[in-house]
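Reading through the structure tokens given below for one structure.
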Amino acid sequence: MTAKAILIKRLHPIIESMLAGVIGLMIGAVIMLGYGYNPVVAYVSLFQGSFGSFYSWAESLANATPLILTALTFAVAMRGGLFNIGAEGQLYIGALAAVAVSLIHLPSPIHIVMALLAAMLAGMVWSLPVALLKLTRGVHEVISTIMFNWIAYFLALYVIAHVLTDPIRGEKTISIVETSRLARILPGTTLNYGLIIAIIAAVVVLFVLWRTTVGFELRVSGHNPVAGRYAGISQRRQILTVLLMGGATAGLAGAVQVMGRPPTYAVLSGLPQLINLGFDGIGVAMIGRNHPIGIIVAAIFFGGLMVGGRIMQFSPGVPLELVRVIEGVIILTLAVPELRNLLGSFWR
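Counting the sequence shown from 1 gives a position; the working numbering is that position plus 32.
As structure tokens, this is what we get:
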């Protein structure tokens, strides 16, 4: 394969994702026109609110932080041939585990590390039954993760109301103590060192998948299970590995969200600061083409849409739900084979 062919092969998925983003924005503009809004004014407001200042950049990065981690959960599974949508429930459990560690009195650096490790372990434990059901009974991971997401949601509501309840404000858990909070990178914003943790996690996943024997076997098995079996790769080990790795990154997402996002540093009833982060991570992973570097870029884009969407709602008056429409169109463009073929024909 020539150098030009290699370059085209590597650039193709990037261009494909960018074209999908353009299509999403174009369809969003058509919808705005249909409702009488000016799409130019709306998009200027959207992108200025997302990336127009240091503050907006910081908030976009803060919103991107948990999405990087939940997207890694989905991407690792996809590389291994599984469709893991369990990050939503695993991050709930990880957040509660991080809060529970606050009951232990420890010095600051150790306390932070213990809380993060507890969250990762909790996410792995929550993903373990999914792996066991897959290995022993052949239960598809989509079915089991959906069930465990709901179990985690209602379990979290119970723990908030009856186990880790704040004695003064009953609608939330106890607040995480100072010694286990993640410091802010930029004062006056919610951007904290959870971003560094998320980037480190992405680098670790990148190294494991592309620079280790375990990662090579995982990708081979995921791309072609039959070839993997003939090569002597254990399918059972691959299933267990990807689901436990995904549980760890999802649990970590819950931890950084509750340990680093002011003002409460607690899990609120209804889980407003956690809900849908696992599902949004699926979209981020798809746009990032299940590659850790692509995921970081896509997460920043999604995080910016979240921040800019709120500004767009207040300034031109465009509903925030339209941002979700744009996200959905982008994901559909990448997911539907016919649309992907259309994008490919543009590139060729």
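Ideal Cβ positions, reconstructed from N, Cα and C, are used throughout, including at glycine.
Since we're looking at a predicted model, the values are computed, not measured.
* Check Asn181 in the structure and name its three-state DSSP category. => Under the three-state reduction of DSSP output, Asn181 falls in the helix class.
* Which whole runs of the alpha helix (DSSP H) in the segment 153-236 are 4 residues long or more, in chain order? -> Counting only runs of 4 or more, we get 173-194.
* Residues sharing a beta bridge with Leu51, DSSP -> In the DSSP output, where bridge partners are listed per residue, Leu51 has none listed.
* Could you tell me how far apart the beta carbons of Val162 and Leu309 are, in whole angstroms, since I believe they sit closer than 8 Å? => Between Val162 and Leu309 a beta carbon distance of about 18 Å is seen, past the 8 Å cut, so the two are scored as non-contacting.
* Cβ-heavy atom distance, Tyr185 to the ligand GDP, below 6 Å -> With respect to the ligand GDP, the structure offers nothing, as it holds no ligand at all.
* Asked: By how many angstroms is the C-alpha of Gly335 removed from the C-alpha of Ile59?
  -> Looking at the backbone, the Cα of Ile59 and that of Gly335 are separated by about 20 Å.
* Backbone CA spacing between Leu284 and Gly68 [nearest angstrom] -> Taking the straight line from one Cα to the other gives about 43 Å.
* Any idea what DSSP makes of Leu101, helix, strand or coil? -> Correct three-state label for Leu101: helix.
* **Delimiting residues of the alpha helix (DSSP H) encompassing Phe385** => In the structure as shown, the chain starts at 33 and stops at 380, and residue 385 therefore has no counterpart that could be examined.
* Can you give the Cα-Cα distance for His172 and Lys166, rounded to whole angstroms? -> Rounded to the nearest whole angstrom, the CA to CA distance from His172 to Lys166 is 6 Å.
* Hey, would you say Gly340 sits closer than 7 Å to Gly113, going by beta carbons? -> No, Cβ-Cβ distance for Gly340 and Gly113 is not below 7 Å.
* For Asn322, does the count of other Cβ atoms within 10 angstroms reach 16, so buried, or fall short, so exposed? -> Asn322 is classed as buried because its beta carbon has at least 16 other beta carbons within 10 Å across all chains shown.
* **Residue from Gly118, Gln270, Val258, Ala233 with nearest C-alpha to Thr245** => Out of Gly118, Gln270, Val258, Ala233, Gln270 has the C-alpha closest to the C-alpha of Thr245.
* Three-state class that DSSP yields for Leu135 in the structure shown -> Residue state, collapsed to three classes: coil.
* **Contact set for Ser134: own chain, Cβ-Cβ below 6 Å, skip 5 residues either direction** => Excluding positions up to five away in sequence, the list reads Ile208, Val209, Ser212.
* **Strand pairing of Leu300, partner residues [DSSP]** => Leu300 pairs with Lys204.
* Pull up the CB-CB distance for Leu250 and Thr273, whole angstroms please, since I reckon it's below 8 Å. => Rounded to whole angstroms, the Cβ separation of Leu250 and Thr273 is 6 Å, and the two are in contact under 8 Å.
* Asked: Whose C-alpha, out of Val73, Trp89, Ala107, Phe248, is nearest the C-alpha of Ala233?
  -> Of the listed residues, the one whose Cα sits closest to Ala233 is Ala107.
* Can you tell me which of Gly126, Met318, Ser77, Val73 puts its alpha carbon nearest to the alpha carbon of Ala280? => For Ala280, the nearest C-alpha among the options comes from Gly126.
* **Closest by C-alpha distance to Met179, when choosing among Val236, Arg216, Ile117** => Each of Val236, Arg216, Ile117 was checked against the Cα of Met179, and the nearest Cα belongs to Ile117.
* 7 Å Cβ shell around Arg111 - same chain, five flanking residues per side excluded -> The beta carbon of Arg111 is closer than 7 Å to those of Leu241, Leu250, Arg251, Gly254, Asn322 in its chain, skipping five residues each way along the sequence.
* DSSP three-state assignment for Val350, whether helix, strand or coil -> Note: Val350 maps to coil in three-state DSSP.
* Through-space distance from Val76 to Asn70, alpha-carbon basis -> Asn70 and Val76: Cα-Cα distance of roughly 10 Å.
* Val73 and Pro348 look like a contact to me (Cβ under 8 Å); what is the Cβ gap, rounded to whole Å? -> Pro348 and Val73 do touch by the CB rule: their CB atoms are close to 5 Å apart, below 8 Å.
* Asked: How would you call Trp89, buried or exposed, if buried means at least 16 neighbouring beta carbons within 10 angstroms?
  -> Counting other Cβ atoms within 10 Å of its Cβ, Trp89 reaches 16 or more and is therefore classed as buried.
* Asked: Hey, would you say Val299 sits closer than 7 Å to Ile192, going by beta carbons?
  -> Yes; because the gap between Cβ atoms is below 7 Å, this pair is in contact.
* **alpha helix (DSSP H) segment containing Leu78, residue limits** => Going by DSSP, Leu78 is part of the alpha helix (DSSP H) stretching over 71-83.
* Asked: With C-beta atoms as the reference, is Ala331 less than 7 Å away from Leu148?
  -> Judged by their CB atoms, Ala331 and Leu148 are not nearer to each other than the 7 Å cut-off.
* To do: Please determine, among Arg216, Leu101, Pro199, the residue with the shortest C-alpha to C-alpha distance to Gly292.
  => Nearest option by C-alpha distance: Arg216.
* Asked: Does the distance from the CB of Gly226 to the CB of Leu214 come in under 7 Å?
  -> Result yes, Cβ atoms of Gly226 and Leu214 sit closer than 7 Å.
* 4 or more residues per run - each alpha helix (DSSP H) lying fully within the segment 243-275 -> List check, alpha helix (DSSP H) in window: 245-255, 257-262.
* Asked: What number of angstroms, rounded off, separates the C-alpha of Ile363 from the C-alpha of Glu353?
  -> In this structure, the alpha-carbon of Ile363 lies about 16 Å from that of Glu353.
* Determine the burial state of Val145: buried for a count of at least 16 other Cβ atoms within 10 Å of its Cβ, exposed for fewer. => Burial is judged here by how many other beta carbons sit within 10 angstroms of a residue's own beta carbon; Val145 has fewer than 16 and is exposed.
* Asked: Around the C-beta of Gly223, are 16 or more other C-beta atoms found within 10 angstroms, so that it is buried, or is it exposed?
  -> The amino acid at residue 223 is misidentified as Gly; the sequence shows Leu. Label assigned to Leu223: buried.
* Other residues of its chain near Glu370: CB distance less than 8 Å, five sequence neighbours each side excluded -> Model confidence at Glu370 stands at a pLDDT of 45, short of 50, so the residue's coordinates are unreliable; what they give is reported in the following sentence. None.
* Alpha carbon to alpha carbon, how far is Phe186 from Ala263? -> One Cα belongs to Phe186, the other to Ala263, and the distance between them is close to 43 Å.
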